[in-house]
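Peer 1:
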Amino acid sequence: MNALTLRLPEQKHQRLKALAKSKGMSVNHLLDEVTTLILAEFDLKTQFEIRAQRGQGKAERGQELLTKAKTGFFE
122 MNALTLRLPE
132 QKHQRLKALA
142 KSKGMSVNHL
152 LDEVTTLILA
162 EFDLKTQFEI
172 RAQRGQGKAE
182 RGQELLTKAK
192 TGFFE
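The numbers in my numbering rise by one with no breaks, and the one at position 44 of the sequence shown is 165.
#1: Taking the alpha carbon of L137 as the reference point, which residue from A124, L152, G183, Q177 has its own alpha carbon closest?
#2: Can you give me the C-alpha to C-alpha distance between H134 and T157, rounded to a whole angstrom?
#3: If you run the structure through DSSP and keep just helix, strand and coil, what is N149?
#4: Distance, Cα to Cα, T192 vs G176?
#5: Starting from R136, follow the alpha helix (DSSP H) in both directions and report where the run begins and ends.
Set out below in structure tokens:
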């Protein structure tokens, strides 16, 4: 595990401490959870962009498959 020094304005630090206390956790744990959420969002966006690149030029085939799936479910 690594240590990170973070400089924040005093008011923001006090607000983070109050938020962490209200959730029953330390500021360190709160920031760990926040960074996990941010990284998960970044990973999802990256995966979406990769898949979008793989699908370029295949929209017509995708629509055909969707139509076929709809028809199969409702008949």
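Using N, Cα and C, we set each Cβ at its ideal position, and we do this for glycine too.
Since the structure is predicted, the reported quantities are computational estimates derived from the model, not experimental observations.
Peer 2: To lay it out plainly:
#1: L152
#2: Between H134 and T157, the C-alpha separation is close to 19 Å.
#3: DSSP places N149 in helix when its eight states are reduced to three.
#4: 23 Å
#5: 131-143
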